[in-house]
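Everything on this sheet refers to the single structure shown next.
Numbering (UniProt numbering), first residue to last: 1 to 273.
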């Protein structure tokens, strides 16, 4: 199928999505915290970026759906509630059962989807995501939530770069985003979603639910991750009955970009095994 982008209607609202690929299997990607910074509908450049860069390796063997969260989330929305909404959405649109890749916050949501609606998940990948957020990451998320409460969403966006990347990107990206990026970035559809999403991450602890995940699971992340350090990734993999752990050496929370080839090949090898 060709690339499509738009909004999927669900029982609680409309959910931004981009879909592409021609494969017989379905891969659903739950977006990370950056989804909260997006407009209501996916921008054309984002659709191109997802198809031709981030998930290009998967487009031949999978039909890929990258699904965001609805806008204007109520205060106090939890990752488990987000998962329940996704379950209804995927079922209503006959997208599931599917392989599920959750990235960062999307991985937190995917944990509950796999535990609470196991019939919807064939294989599960938790990308740069663990059963809870580490202490350093918690301090950062509290700061971003406070900034978002004041409407300072762009400050939080810029601040995310040095805690996401470990290499040259942490120095190169901020000036680029302040200049060229400003032309591409529009104001979030709901700035409050940034704060709600940060607090959902802070409240997340799926330790007591991971034992109910039936799907074969891959936990993959960087050895220098600011939010989910290796010890938390190890705990996460150990808590899931059928899980394996892959650490990408020398990378942070942006392991999927810093070592993109290794990260993508690890994920694809797991999904197609």
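Here a beta-carbon is modelled for each residue, glycine too, at the ideal position from N, C-alpha and C. Please read all numbers here as calculations on a predicted model, not as lab measurements.
**Message:** Tell me the residue span of the alpha helix (DSSP H) that contains residue 8.
**Reply:** On the chain shown, residue 8 is found 8 positions in, with the first residue counted as 1. No alpha helix (DSSP H) holds residue 8; the beta strand (DSSP E) holding it covers 4-10.
**Request:** In angstroms with no decimal places, state the Cα-to-Cα distance between residue 168 and residue 219.
**Result:** For the purposes of this step, residue 168 is taken as residue 168 along the chain shown, with counting starting at 1. For the purposes of this step, residue 219 is taken as residue 219 along the chain shown, with counting starting at 1. In a straight line, the C-alpha of residue 168 is about 25 Å away from that of residue 219.
**Message:** Once the 5 residues before and after residue 21 are set aside, which same chain residues still bring their CB inside 6 Å of it?
**Reply:** The residue labelled residue 21 in the question sits at position 21 within the chain shown. Closer than 6 Å at Cβ, skipping near neighbours: 59, 62, 63, 64.
**Prompt:** In this structure, does DSSP put residue 122 in helix, strand or coil?
**Reply:** As a first step, residue 122 must be located in the chain shown, where it is residue number 122. Residue state, collapsed to three classes: strand.
**Asked** With a Cβ-Cβ cutoff of 8 Å, do residue 39 and residue 189 count as a contact?
**Response** Your numbering for residue 39 matches position 39 in the chain shown. Your numbering for residue 189 matches position 189 in the chain shown. Yes, they are a contact pair.
**Request:** Would you identify the three-state DSSP class for residue 217, choosing helix, strand or coil?
**Result:** If you number the chain shown from 1, residue 217 lands on position 217. In the structure shown, residue 217 adopts extended strand secondary structure according to DSSP, grouped into three states.
**Asked** Considering only the beta carbon of each residue, do residue 129 and residue 33 sit closer than 8 Å?
**Response** The residue you call residue 129 lines up with position 129 of the chain shown. The residue you call residue 33 lines up with position 33 of the chain shown. Between residue 129 and residue 33, the C-beta gap is not smaller than 8 Å, which leaves the two residues out of contact.
**Message:** Quick check on DSSP: helix, strand or coil for residue 16?
**Reply:** Numbered from its first residue, the chain shown carries residue 16 at position 16. Residue 16 sits in a strand when the DSSP states are folded into three classes.
**Asked** Straight-line CA distance for residue 187 to residue 229?
**Response** Numbered from its first residue, the chain shown carries residue 187 at position 187. Numbered from its first residue, the chain shown carries residue 229 at position 229. Between residue 187 and residue 229, the C-alpha separation is close to 31 Å.
**Message:** Going by the DSSP bridge assignment, what does residue 101 pair with across the sheet?
**Reply:** Residue numbering aside, residue 101 sits at position 101 when the chain shown is read from its first letter. According to DSSP, which records beta bridges pairwise, residue 101 is partnered with 29, 125.
**Prompt:** Are the beta-carbon atoms of residue 138 and residue 210 separated by less than 8 Å?
**Reply:** The residue you call residue 138 lines up with position 138 of the chain shown. The residue you call residue 210 lines up with position 210 of the chain shown. In this structure, residue 138 lies away from residue 210, with their beta-carbon atoms at least 8 Å apart.
**Request:** Would you mind working out which of 25, 14, 111 sits nearest residue 208, comparing C-alpha positions?
**Result:** As a first step, residue 208 must be located in the chain shown, where it is residue number 208. Of the candidates 25, 14, 111, 111 places its Cα closest to the Cα of residue 208.
**Message:** Only counting the same chain, and skipping five residues up and downstream in sequence, which positions put a Cβ closer than 6 Å to that of residue 4?
**Reply:** Translated into positions along the chain shown, residue 4 becomes position 4. These residues qualify, in order along the chain: 19.
**Request:** Using three-state DSSP, classify residue 228 as helix, strand or coil.
**Result:** Within the chain shown, residue 228 is the residue found at index 228, counting from 1. Looking at residue 228 - three-state DSSP - the assignment turns out to be coil, as it is neither helix nor strand.
**Item:** Bridge-paired residues (DSSP) for residue 244
**Value:** The residue you call residue 244 lines up with position 244 of the chain shown. Under DSSP, residue 244 shares a beta bridge with 218.
**Proximity of residue 191 and residue 153 at Cβ, strictly below 8 Å** = Position 191 of the chain shown holds residue 191. Position 153 of the chain shown holds residue 153. Yes; because the gap between Cβ atoms is below 8 Å, this pair is in contact.
**Request:** Starting from residue 65, follow the alpha helix (DSSP H) in both directions and report where the run begins and ends.
**Result:** Within the chain shown, numbered from 1, the residue matching residue 65 stands at position 65. First-last for residue 65: 62-67, but that is the beta strand (DSSP E), not the alpha helix (DSSP H).
**Message:** At the level of alpha carbons, what is the spacing between residue 248 and residue 232?
**Reply:** Within the chain shown, the letter at position 248 stands for residue 248. Within the chain shown, the letter at position 232 stands for residue 232. Rounded to whole angstroms, residue 248 and residue 232 show a C-alpha spacing of 14 Å.
**Message:** Assuming contact is defined by CB atoms lying nearer than 8 Å, are residue 236 and residue 93 in contact in what I supplied?
**Reply:** Numbered from its first residue, the chain shown carries residue 236 at position 236. Numbered from its first residue, the chain shown carries residue 93 at position 93. No.
**Prompt:** When the distance is taken between beta carbons, is residue 102 closer than 8 Å to residue 30?
**Reply:** The residue given as residue 30 occupies position 30 in the chain shown. The residue given as residue 102 occupies position 102 in the chain shown. Yes, Cβ-Cβ distance for residue 30 and residue 102 is below 8 Å.
**Prompt:** Looking at the structure shown, is residue 163 part of a helix, part of a strand, or coil, going by DSSP?
**Reply:** What you label residue 163 is simply residue 163 of the chain shown in a count that begins at 1. Secondary structure of residue 163 (DSSP, three-state): coil.
**Message:** Could you tell me the alpha carbon to alpha carbon distance between residue 7 and residue 257, rounded to whole angstroms?
**Reply:** In the chain shown, counting from the first residue as 1, residue 7 sits at position 7. In the chain shown, counting from the first residue as 1, residue 257 sits at position 257. So the two alpha carbons sit approximately 26 Å from each other.
**Message:** Do residue 194 and residue 136 have their beta-carbon atoms positioned less than 8 Å apart in this structure?
**Reply:** Your numbering for residue 136 matches position 136 in the chain shown. Your numbering for residue 194 matches position 194 in the chain shown. Result no, Cβ atoms of residue 136 and residue 194 do not sit closer than 8 Å.
**Item:** Within the region 146-192, ranges of the alpha helix (DSSP H) (whole runs, at least 4 residues)
**Value:** Those alpha helix (DSSP H) runs which fall completely within the region 146-192 and span 4+ residues are 153-159, 169-176.
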